[in-house]
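Asker: What follows is a structure written as structure tokens; I'll ask about it next.
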Amino acid sequence: MKESNVENFNEQPVFAAELFPHRSLGRRGFKILLALSGAICFLYGMFFVATGAWPIGFFFGLDFVLLYGAFWLSYRSGRAREEVTVSRTDVSVRKFTPSGRMVEHHFNPFWARFLVRRHQEIGILSMHIFGEGRRTDIGSFLNPDDRESFAKAFKGALATVKQRI
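Spelled out as structure tokens, the structure:
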């Protein structure tokens, strides 16, 4: 019984984070933008069709379709996410693609190394975990401020786990 309590203690996460891309325009704002741009494109398109310049009206419709497509692709890519957990026995990185496919990477926390590439003016360019001949990137879609805070917290969690032997 005592041994199972020790196993449960070792499996409890010391650190857990869910990383996802930031979208500055929410769903409600997207609907408002789409309604306004659709109304403007429709009104101007109808004006040009009525005045005999029907090709220009066609291009207004095409503009609206392209705008919708660009936002649809942006929101689809926003469904990507990563779950990172650190326990005394495992560093786990679960990556979810926009389509829902999941890839999972596991590292031994005592062998895992956290590599951060920095630029003097920009800040963190990339973050990688590597160990035992394997490597994966983390948070490639995060903005610079989020990368900084994640790197600090993750590095601290790895150091905490490595100190507790």
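Positions in the sequence shown are counted from 1; adding 1198 to them yields the numbering used here.
Virtual Cβ for every residue (Gly too), placed ideally from N, Cα, C.
This structure is a prediction, so every number in the text was calculated from the model and none was measured.
Who pairs with G1331 in a beta bridge, going by DSSP?
Answerer: If you number the sequence shown from 1, residue 1331 lands on position 133. Answer is none; G1331 lacks a bridge partner.
Asker: Thinking C-alpha only, which one of D1344, A1349 and F1245 is nearest H1220?
Answerer: Counting from one through the sequence shown, the residue named residue 1220 turns up at place 22. Out of D1344, A1349 and F1245, D1344 has the C-alpha closest to the C-alpha of H1220.
Asker: Closest to Y1273 by CA distance: which of G1236, G1227, K1293 and T1287 is it?
Answerer: Within the sequence shown, the letter at position 75 stands for residue 1273. Ranking G1236, G1227, K1293 and T1287 by Cα distance to Y1273 puts G1227 first.
Asker: S1324 to G1236, Cα distance in whole Å?
Answerer: Sequence index remark: in the sequence shown, residue 1324 carries index 126 (1-based). Sequence index remark: in the sequence shown, residue 1236 carries index 38 (1-based). Whole-angstrom Cα-Cα distance: 39 Å.
Asker: Could you say which of V1284, P1211 and H1326 lies nearest to P1307 if we only look at CA atoms?
Answerer: Walking along the sequence shown from the start, residue 1307 turns up at place 109. Ranking the options by Cα distance to P1307, first place goes to V1284.
Asker: Take F1348 and list the residues in its own chain whose beta-carbon comes closer than 6 Å to its own, dropping the five residues that flank it on each side.
Answerer: As a position in the sequence shown, residue 1348 is number 150, starting the count at 1. In the same chain as F1348, and ignoring 5 residues on each side of it, the C-beta atoms closer than 6 Å to its own belong to G1337, in chain order.
Asker: From this set, H1304, P1342 and K1229, which residue's C-alpha is nearest E1319's C-alpha?
Answerer: As a first step, residue 1319 must be located in the sequence shown, where it is residue number 121. Taking each of H1304, P1342 and K1229 in turn and checking the Cα distance to E1319, the smallest one comes out for P1342.
Asker: Who are A1287's beta bridge partners in DSSP?
Answerer: On the sequence shown, position 89 is the one that residue 1287 refers to. The amino acid at residue 1287 is misidentified as Ala; the sequence shows Thr. Note: T1287 sits in no beta bridge, so no partner.
Asker: Apart from the five residues just before and just after V1247, which ones in its own chain have a Cβ nearer than 6 Å to its Cβ?
Answerer: Residue mapping note: residue 1247 aligns to position 49 of the sequence shown, counting from 1. G1255, listed in sequence order.
Asker: Leaving out five residues before and five after S1275 in sequence, what residues of the same chain have Cβ atoms less than 6 Å from its Cβ?
Answerer: Position 77 of the sequence shown holds residue 1275. So the list reads P1296, once near-sequence residues are dropped.
Asker: What did DSSP end up calling I1322 once you bin it into helix, strand or coil?
Answerer: Position 124 of the sequence shown, counting from 1, holds the residue named residue 1322. Of the three classes helix, strand and coil, the one that applies to I1322 here is strand, per DSSP.
Asker: Ignoring anything shorter than 3 residues or poking outside the stretch 1256–1288, list the beta strand (DSSP E) runs there in chain order.
Answerer: 1279–1284
Asker: Below 7 Å CB to CB, which residues in the same chain sit around V1204 once its five sequence neighbours on both sides are set aside?
Answerer: Counted from its first residue, the sequence shown places residue 1204 at position 6. Residue confidence for V1204 is low, a pLDDT of 48 falling below 50, so the modelled location carries little weight and cannot support an answer.
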